[in-house]
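Chemist: Just so you know, the protein sequences line up as chains F, Z, L, B, W and U, in that order.
Numbered per this note's numbering, the first sequence spans residues 2 to 324.
Numbered per this note's numbering, the second sequence spans residues 2 to 324.
Numbered per this note's numbering, the third sequence spans residues 2 to 324.
Numbered per this note's numbering, the fourth sequence spans residues 2 to 324.
Numbered per this note's numbering, the fifth sequence spans residues 2 to 324.
Numbered per this note's numbering, the sixth sequence spans residues 2 to 324.
Just so you know, even glycine gets a beta-carbon here, dropped at the ideal spot from N, CA and C.
Before I ask anything, let me first share the structure, which is written out below as structure tokens.
Protein chains: 6
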Amino acid sequence: MLNTALANIPWEDRPAGTSDVVWRYSRNPIIQRNATPSSNSIFNSAVVPFQGRFAGVFRCDNKKREMNIHRGFSDDGLAWHIDNEPIEWLCDDPELRAFEHRYDPRVVWLGDRYYVTWCNGYHGPAIGIGYTQDFEKFTFLENALLPYNRNGVLVPRKINGMFCMLSRPSDNGHTRYGDIFLSRSPDLIHWGEHRFVMGTKKGWQETKIGAGPVPIETPEGWLLFFHGVLTSCNGFVYSFGAALLDLEQPWKVIYRGGPCLLSPQTTYECVGDVPNVVFPCAALYDQPTGRIAIYYGGADTVTALAFAMMDEILDFLRESSEL
Amino acid sequence: MLNTALANIPWEDRPAGTSDVVWRYSRNPIIQRNATPSSNSIFNSAVVPFQGRFAGVFRCDNKKREMNIHRGFSDDGLAWHIDNEPIEWLCDDPELRAFEHRYDPRVVWLGDRYYVTWCNGYHGPAIGIGYTQDFEKFTFLENALLPYNRNGVLVPRKINGMFCMLSRPSDNGHTRYGDIFLSRSPDLIHWGEHRFVMGTKKGWQETKIGAGPVPIETPEGWLLFFHGVLTSCNGFVYSFGAALLDLEQPWKVIYRGGPCLLSPQTTYECVGDVPNVVFPCAALYDQPTGRIAIYYGGADTVTALAFAMMDEILDFLRESSEL
Amino acid sequence: MLNTALANIPWEDRPAGTSDVVWRYSRNPIIQRNATPSSNSIFNSAVVPFQGRFAGVFRCDNKKREMNIHRGFSDDGLAWHIDNEPIEWLCDDPELRAFEHRYDPRVVWLGDRYYVTWCNGYHGPAIGIGYTQDFEKFTFLENALLPYNRNGVLVPRKINGMFCMLSRPSDNGHTRYGDIFLSRSPDLIHWGEHRFVMGTKKGWQETKIGAGPVPIETPEGWLLFFHGVLTSCNGFVYSFGAALLDLEQPWKVIYRGGPCLLSPQTTYECVGDVPNVVFPCAALYDQPTGRIAIYYGGADTVTALAFAMMDEILDFLRESSEL
Amino acid sequence: MLNTALANIPWEDRPAGTSDVVWRYSRNPIIQRNATPSSNSIFNSAVVPFQGRFAGVFRCDNKKREMNIHRGFSDDGLAWHIDNEPIEWLCDDPELRAFEHRYDPRVVWLGDRYYVTWCNGYHGPAIGIGYTQDFEKFTFLENALLPYNRNGVLVPRKINGMFCMLSRPSDNGHTRYGDIFLSRSPDLIHWGEHRFVMGTKKGWQETKIGAGPVPIETPEGWLLFFHGVLTSCNGFVYSFGAALLDLEQPWKVIYRGGPCLLSPQTTYECVGDVPNVVFPCAALYDQPTGRIAIYYGGADTVTALAFAMMDEILDFLRESSEL
Amino acid sequence: MLNTALANIPWEDRPAGTSDVVWRYSRNPIIQRNATPSSNSIFNSAVVPFQGRFAGVFRCDNKKREMNIHRGFSDDGLAWHIDNEPIEWLCDDPELRAFEHRYDPRVVWLGDRYYVTWCNGYHGPAIGIGYTQDFEKFTFLENALLPYNRNGVLVPRKINGMFCMLSRPSDNGHTRYGDIFLSRSPDLIHWGEHRFVMGTKKGWQETKIGAGPVPIETPEGWLLFFHGVLTSCNGFVYSFGAALLDLEQPWKVIYRGGPCLLSPQTTYECVGDVPNVVFPCAALYDQPTGRIAIYYGGADTVTALAFAMMDEILDFLRESSEL
Amino acid sequence: MLNTALANIPWEDRPAGTSDVVWRYSRNPIIQRNATPSSNSIFNSAVVPFQGRFAGVFRCDNKKREMNIHRGFSDDGLAWHIDNEPIEWLCDDPELRAFEHRYDPRVVWLGDRYYVTWCNGYHGPAIGIGYTQDFEKFTFLENALLPYNRNGVLVPRKINGMFCMLSRPSDNGHTRYGDIFLSRSPDLIHWGEHRFVMGTKKGWQETKIGAGPVPIETPEGWLLFFHGVLTSCNGFVYSFGAALLDLEQPWKVIYRGGPCLLSPQTTYECVGDVPNVVFPCAALYDQPTGRIAIYYGGADTVTALAFAMMDEILDFLRESSEL
């Protein structure tokens with residue numbers, strides 16, 4: 002079992018008088034848009050425990066509105082120091098090394114190292130994979146799947162000897178559709194055995210869905226937070242919900258929560274470069290207490306934090322599930 | 002003459018130093034988005050006097066973003082108790098009873114009962130009609146008109162023995178056009194004699210228009226508040242204005258105010274699930290004082306209130322009318 | 002039972018060596034695009050037996066590309082004389098009388114007269130209804146349903162005392178969706194009790210469908226020919242197929258043929274003002290022999306004829322039906 | 002050399018602790034949306050020194066959402082009195098005089114008078130040119146270029162005896178493309194010798210760009226502030242940056258700053274009739290101190306002010322330039 | 002008066018039994034798509050009398066589908082020899098000389114030389130102007146108007162000392178709108194005094210219109226053939242009609258024929274690279290006999306010829322005119 | 002070296018008087034649309050030598066317009082017998098076995114068997130791979146790549162031990178963009194190392210491109226015929242051209258022919274279910290004579306044949322190449 006204790010998980014109790022399954026951190030946003038000199042916005046970012054502290058890979062759009070990913074460290078998961086310069090990726094192939102854009106990273110400890118996946122510009126949006134063991138040296142592996150794809154998220158351990166990745170095939174624009182698929186690989190390079198996981202449903206997830214943080218292993222299944230998009234007459238609205246995937250056949254959905262768990266309602270979620278977006282890319286979990294901390298982007302502009310309890314999430318899934 | 006006194010109409014005088022014909026309630030929004038446990042947003046809702054108090058039918062989108070209509074009561078028209086569960090409609094035909102979506106209700110006292118009309122999902126948006134006599138038991142009648150239609154609003158008395166309904170034919174998406182028509186019926190089931198009432202005009206109403214609250218009878222004509230939509234480069238902007246329709250031939254427009262009366266300007270109108278929306282669905286009127294209270298949705302998220310005086314509205318129409 | 006003998010039905014046997022359920026007349030098109038001095042094209046037209054001969058209402062687009070409907074007569078249903086001037090409609094209401102456009106007529110003998118329905122421009126496409134008793138004097142009744150609607154087709158007798166009309170709600174452009182509904186009326190003026198009949202299906206009918214000729218009564222149900230539209234990467238392709246509707250509840254589909262019966266394949270169907278269109282608007286039936294003659298438009302340019310046998314059509318429906 | 006001292010230029014020092022090249026006025030917005038009784042919004046407006054004070058031409062959308070341009074005066078460039086009625090233009094040709102819409106003015110002192118250019122409705126958006134000598138009498142000259150065009154900006158002196166105008170050819174809607182061109186004229190009536198100046202680039206200026214204020218002459222070249230538009234999944238985002246154009250061949254770009262200088266981040270830039278817009282139309286310059294004051298519209302709703310130092314802008318251009 | 006005799010105008014009498022005002026040459030198309038080794042298609046081309054024979058500038062799309070214009074000669078206006086290589090244009094400015102695309106030429110004798118106008122790629126479609134005196138040496142002048150523009154056609158003599166050009170402002174794609182404007186110039190370089198000439202009308206010209214051949218001077222006005230485009234559900238349909246413009250104020254329309262004169266009906270007009278196109282670019286006129294020969298492109302693939310008589314065209318305009 | 006003699010390759014010499022590098026078979030189309038009782042159209046099909054005769058996998062759209070692939074045999078490659086029923090694929094996974102659609106097959110002999118690739122409906126268009134050894138039993142392997150993808154074509158031998166596949170990532174509609182990529186696999190199941198091969202270019206291939214037949218090995222490189230699509234104002238036009246890819250690094254383009262080799266010009270290419278399509282899916286090659294026979298679909302309706310000589314194709318590539 003992968004999950005272990007994370008005693009220093011960032012935490013704040015549910016506000017009195019509310020019963021929401023997921024609640025916001027009262028000091029949101031934890032990272033402001035201009036937190037580094039070069040940044041226009043910092044959001045949709047991934048955080049992992051690292052050497053008793055926390056490390057992260059952050060989406061920083063600079064003032065040219067170039068999208069890239071940067072390294073950061075934190076003692077408490079709340080106050081962050083983020084590099085002003087983007088990560089440099091070691092890569093022998095000059096064509097693959099060329100920068101087009103990088104965004105929406107996820108980070109996962111898998112085997113003996115941290116893997117990073119992100120939306121990597123290669124003649125369109127593709128799923129880049131790289132790794133680091135020390136958050137100093139970062140090595141680019143390959144684009145896992147052909148363009149046009151986004152929201153590539155690795156399952157945090159091999160299953161039957163195979164790596165597993167969730168992704169959301171897309172087009173090369175502001176895609177108006179999108180389902181989640183799972184692909185398998187013996188080597189993180191070659192991917193196949195693609196299986197449909199789940200598609201859109203009416204309401205908050207009517208337009209497209211995509212995997213959010215790296216799934217959390219529970220005895221009952223993989224807990225997946227995922228975003229869903231609704232198209233209003235003023236554009237896309239991004240919310241997020243949860244599902245539980247089968248441990249051994251993670252393309253099989255056990256539960257899928259009917260309502261969303263968080264939708265854009267605060268100013269930092271509703272006002273910014275892209276209004277009405279909450280977009281989770283990382284979740285921390287402390288098994289002994291059941292605490293979950295979810296990092297999410299607000300309005301494609303800032304980084305925010307929300308909290309939940311594992312048992313309550315599982316109850317929510319059981320009670321509200323609609324497959 | 003239908004209109005009678007409504008001494009307990011919600012009211013607040015025009016703020017000092019302003020001359021707007023319609024002004025906002027200072028404690029808006031009166032209903033917050035999460036006013037019931039299940040709601041994501043409560044807006045575009047209809048209110049009527051009922052047994053010395055007030056009753057209403059409220060559009061509540063739940064946390065799945067399903068759209069449905071709920072009952073509510075209030076002593077003063079300001080503080081509301083809204084049912085957490087949607088209205089259940091009595092209906093023998095299982096196909097008609099099936100729930101697709103219900104939204105944007107209007108309520109009208111007509112003859113011996115309250116009729117409710119709303120946008121009813123039946124293979125697309127259609128105009129559902131039902132009635133209640135006690136706000137306890139609600140009976141579904143029929144879809145008044147074929148899909149695709151929205152903003153069906155009944156005239157509050159028969160004219161020459163016929164029921165009259167305003168509506169706005171649409172398409173099955175976020176429609177980019179829309180004119181108001183009037184249809185007649187002997188029985189509230191079969192509708193015909195469709196007449197064009199009015200179409201779009203440049204400016205705030207350039208994209209589409211739709212009837213708002215149930216028209217208010219005046220000696221000069223039916224006072225109709227209606228919404229108009231402008232398409233900016235960031236989507237639709239919903240404002241509302243007014244017109245006066247002929248008492249006996251309500252498809253004939255006597256006056257049509259040039260400017261809008263209220264456009265989205267406050268935070269609760271500009272920020273929310275759909276930015277930049279004011280959308281009126283109900284108006285109360287106290288004939289002795291001339292006071293009008295208009296209930297409207299803000300940003301497709303909350304319910305707000307605005308006020309006006311009948312004589313000033315009529316003056317506005319006379320002076321600014323453009324047919 | 003409405004159907005009677007029609008000994009002089011136009012006819013040509015199935016070509017040797019083929020087994021198609023529906024086959025084309027070998028001398029198609031029977032009406033050329035310039036058959037009247039004013040016409041640019043003549044297509045999508047309706048034919049009925051009349052006084053031992055045949056009468057028809059023809060869609061003639063003139064050289065300005067205005068769309069209107071004209072009267073015509075024929076001795077044999079093959080050679081037609083069509084008026085150069087459009088039908089003049091008696092109508093007291095100047096607003097209803099105003100010409101916007103008229104197209105795609107159907108004609109049906111119902112009770113004591115011939116009713117004509119067509120797509121009537123009234124602030125967008127609506128369903129106009131008129132009648133004639135002698136093909137000399139034509140009276141306009143009303144627009145049966147609100148815009149935006151097309152392909153309004155009357156069932157040729159009342160059912161439980163009510164008139165029944167099939168129609169296809171649309172938008173105000175080249176609509177990309179469309180299902181068939183049935184509405185009922187006590188008086189041909191007021192319409193209600195709208196019921197969904199059938200929607201699109203994959204393949205030749207994936208984009209939209211619409212009723213074609215007036216349904217033919219058979220002991221097993223109403224035989225409805227209907228067109229279906231597929232969207233290729235070069236636009237719409239119109240084919241037609243068939244379904245059988247319940248005699249007493251004609252919104253219930255008994256059979257719906259899987260394949261289409263005729264798709265655009267000949268030059269006069271594939272080349273013209275709108276390539277790749279076959280569009281049926283009328284069918285004659287001779288009960289004693291089982292012969293059916295179907296009039297259809299080719300490429301929105303000319304009028305053509307196809308033939309079938311009733312028993313073969315019913316066999317086709319039984320064998321290929323997919324509901 | 003045109004530029005002279007402007008000792009009374011509005012000014013506020015850069016806030017402590019920041020290093021932004023352009024910074025906002027702390028009391029923004031300087032003009033509220035309802036600053037005149039008729040106005041719905043006042044933005045995208047042009048200011049010039051005039052008789053020791055300041056005069057301006059202001060875009061005021063009225064409550065019908067008609068777009069027109071109004072005159073205003075100010076002692077300090079901060080507090081403005083704006084006429085409630087739009088400017089009346091002297092013009093002999095009734096067709097040219099007819100009002101369709103006027104918006105986004107620029108004003109420039111050129112030779113012996115102030116020229117005003119704006120987006121002038123003439124069967125679509127065109128570039129209107131007029132002049133005034135006293136801000137009392139305004140004379141319309143001609144539409145400088147054919148529709149569809151916007152953002153016509155005059156270079157503030159003749160070059161080789163020719164007037165020079167920057168413009169951005171468009172379509173007749175919410176255009177999704179747009180490059181800057183320069184045209185020349187002997188008489189301000191007839192324009193030719195059109196040269197491409199610069200086009201879109203990835204990031205904040207990926208969709209379209211357009212000249213902002215009248216260019217400022219410096220020994221190194223014309224300093225041009227220009228807006229750039231990015232298309233997010235919720236619509237257009239307008240930022241602005243800078244470029245330096247060759248003094249004698251102003252269609253040649255010497256420097257073009259990579260990042261934008263100001264993007265929508267404050268509430269009055271992100272919330273309003275069109276969310277996420279900063280749109281500069283005028284800049285004042287005091288050569289002795291190097292101070293620059295930039296007037297810009299916020300959210301197509303209000304008028305705001307930002308400041309910069311000439312030497313810092315030129316440094317920024319040199320250091321970040323990407324051609 | 003410019004028009005003179007052209008005794009050797011190509012000609013064929015109207016076919017017996019028809020009364021069309023414009024009729025096709027029986028041996029159409031006169032130029033096949035592969036008439037030169039490099040050509041994929043030859044169409045939308047301009048012809049003038051030259052030294053007792055005929056010369057022309059031809060749109061030849063090559064097998065890469067690059068669009069360019071080529072020179073050709075003919076003895077009789079029917080059999081043509083067209084250069085396999087495109088015209089080389091003398092031009093000092095390397096930016097203007099660069100080839101992007103050239104298409105849809107018109108040629109006119111004006112003063113002392115032949116001017117050629119065409120749609121010239123310069124950061125989008127613009128109106129290129131060049132001239133030749135001998136059809137050997139061709140000199141490029143300038144782009145007359147900013148992009149995005151097409152169908153630039155010179156009036157064949159100066160009016161009040163000014164050159165006059167008709168054009169059709171467009172966007173940078175397959176434009177869905179388009180009106181005809183007239184601009185004036187003292188020098189063929191700088192253009193201004195833009196006036197609206199005419200816009201779209203319902204039917205065959207509902208989507209866009211554009212000037213066709215160089216106008217023919219008659220005592221009553223300039224005879225302008227122009228194309229009009231209708232949007233069917235399978236794309237654009239190009240027909241052409243005629244109008245008469247005021248001799249001294251050619252932006253004033255005297256007559257505008259209601260119906261089109263020729264619409265795509267033959268195989269070589271309905272089948273080809275772009276189905277359903279007739280597009281005229283040149284007309285010859287023999288004043289003594291009144292004969293007119295119109296060169297037009299068929300289906301954007303071949304060149305065809307049609308004939309008319311001047312008096313009949315003028316009668317047609319008088320009788321059918323709709324302004 | 003894979004290529005061997007194919008003495009019975011279908012063949013017809015180039016017509017006298019022409020110099021086209023690719024020429025059509027004079028008896029085209031070789032397979033009519035109704036060649037099987039169930040077919041609406043037969044096109045975009047793949048042919049291979051098989052046991053001294055020829056076998057093929059044919060795209061047959063049935064009369065429901067369902068797209069599926071059928072087996073066929075021929076003695077001479079010209080006259081074909083095609084099964085009326087589609088191929089049944091052996092597959093254990095019921096989800097993968099489910100039929101959504103199958104179209105545009107390619108067949109290649111690779112190692113010890115024939116592999117078939119096609120566009121396989123799996124929650125959108127994906128690349129299905131299966132194999133057969135005897136054209137009797139067909140086994141489904143997997144979807145090679147995630148949706149949305151089309152035109153998956155295997156290189157006919159392993160390179161450095163890896164299978165190589167060309168494909169064209171797409172969206173889920175009538176995609177308006179598309180480049181060719183190459184992916185590698187150790188097992189035909191898991192694919193990675195994705196490399197960009199080539200993208201669109203102006204002219205006949207401006208909208209999208211896709212690999213056609215299985216590449217033919219030559220000493221100089223892999224000869225790839227590929228289709229290119231141009232968007233006219235009446236939809237897509239499909240032509241085909243050729244390129245030469247590096248033998249060992251087939252994502253490197255050695256030559257890319259500038260013009261297309263065949264564009265839709267005949268009736269069976271310009272008229273049919275999708276006008277203006279030539280779409281090659283298979284090529285036979287007889288090395289000793291240099292003869293090439295290319296099978297291609299015409300108008301998405303029929304199957305046609307064209308011929309070429311290898312040395313002429315290579316000369317064409319060398320002379321016209323534009324990278």
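Could you tell me which chain Z residues have their CB closer than 7 angstroms to the CB of F:V154, listed as they occur along the chain?
Modeler: Counting from 1 along the first sequence, the entry for residue 154 of chain F is found at position 153. Going along chain Z, no residue has its Cβ under 7 angstroms from F:V154, so there is no contact; the nearest lies around 23 angstroms.
Chemist: Assuming B:E270 is part of the alpha helix (DSSP H), what are its boundary residues?
Modeler: What you label residue 270 of chain B is simply residue 269 of the fourth sequence in a count that begins at 1. Its alpha helix (DSSP H) spans residues 268 to 271.
Chemist: With a threshold of 8 angstroms between beta carbons, is W:G129 in contact with chain B?
Modeler: Within the fifth sequence, the letter at position 128 stands for residue 129 of chain W. Answer no: the Cβ-Cβ gap between W:G129 and chain B never drops below 8 angstroms.
Chemist: Around the C-beta of F:H71, are 16 or more other C-beta atoms found within 10 angstroms, so that it is buried, or is it exposed?
Modeler: In the first sequence, the residue the question calls residue 71 of chain F occupies position 70. By the neighbour-count rule (16 or more Cβ atoms within 10 Å), F:H71 is buried.
Chemist: Is B:Q206 buried or exposed, if buried means 16 or more other CB atoms sit within 10 Å of its CB?
Modeler: Counting from 1 along the fourth sequence, the entry for residue 206 of chain B is found at position 205. With 16 or more other Cβ atoms within 10 Å, it is buried.
Chemist: Please decide whether B:D180 counts as near chain W, where near means a Cβ-Cβ distance under 8 angstroms.
Modeler: To locate residue 180 of chain B, count along the fourth sequence from 1; it is residue 179. Closer than 8 angstroms to some Cβ of chain W, the Cβ of B:D180 qualifies, so yes.
Chemist: In chain A, what lies closer than 7 angstroms to W:V254 by C-beta?
Modeler: Absent from the structure is chain A; the protein chains it does hold are F, Z, L, B, W and U.
Chemist: From U:I255, U:V108, U:G213, U:W192, pick the residue whose C-alpha is nearest to that of U:F241; which is it?
Modeler: One-based indexing of the sixth sequence puts residue 241 of chain U at position 240. Nearest C-alpha to U:F241: U:G213.
Chemist: Less than 8 angstroms between C-beta atoms, sequence neighbours within five positions excluded: which residues of the same chain meet that for L:F173?
Modeler: Counting from 1 along the third sequence, the entry for residue 173 of chain L is found at position 172. Here the sequence assigns Asn to residue 173 of chain L, which means Phe is not the residue at that position. Closer than 8 angstroms at Cβ, skipping near neighbours: G125, P126, P148, Y149.
Chemist: Counting only the same chain and skipping the five closest in sequence on each side, list residues whose C-beta sits under 7 angstroms from that of F:F226.
Modeler: On the first sequence, residue 226 of chain F is found 225 positions in, with the first residue counted as 1. The answer, listed in chain order, is G213, P214, F241, A243, P281, A284, I295.
Chemist: Using the Cα positions of W:N9 and L:S40, report the straight-line distance between them to the nearest angstrom.
Modeler: As a first step, residue 9 of chain W must be located in the fifth sequence, where it is residue number 8. As a first step, residue 40 of chain L must be located in the third sequence, where it is residue number 39. Spanning the two alpha carbons is a distance of roughly 34 angstroms.
Chemist: Once DSSP output is grouped into helix, strand and coil, what is the label at Z:D316?
Modeler: Position 315 of the second sequence, counting from 1, holds the residue named residue 316 of chain Z. The answer is helix: DSSP assigns Z:D316 an H, G or I state.
Chemist: Grab me the residues of Z:P106's own chain with a C-beta within less than 6 angstroms of its C-beta, minus the 5 sequence neighbours each way, in chain order.
Modeler: Mapped onto the second sequence, residue 106 of chain Z falls at position 105. Contacts found: A47, V58, I70, V117, W119.
Chemist: What are the complete beta strand (DSSP E) segments, minimum 3 residues, inside the segment 121 to 196 of chain B?
Modeler: Listed in chain order, they are 126 to 133, 139 to 144, 150 to 155, 164 to 170, 181 to 186.
Chemist: What number of angstroms, rounded off, separates the C-alpha of Z:L155 from the C-alpha of Z:I181?
Modeler: Counting from one through the second sequence, the residue named residue 155 of chain Z turns up at place 154. Counting from one through the second sequence, the residue named residue 181 of chain Z turns up at place 180. Computed Cα separation, rounded: 13 angstroms.
Chemist: Output yes if chain B places a C-beta closer than 8 angstroms to the C-beta of F:H175; else output no.
Modeler: Position 174 of the first sequence, counted from the first residue, corresponds to residue 175 of chain F. With 8 angstroms as the cut-off, F:H175 counts as an interface residue toward chain B.
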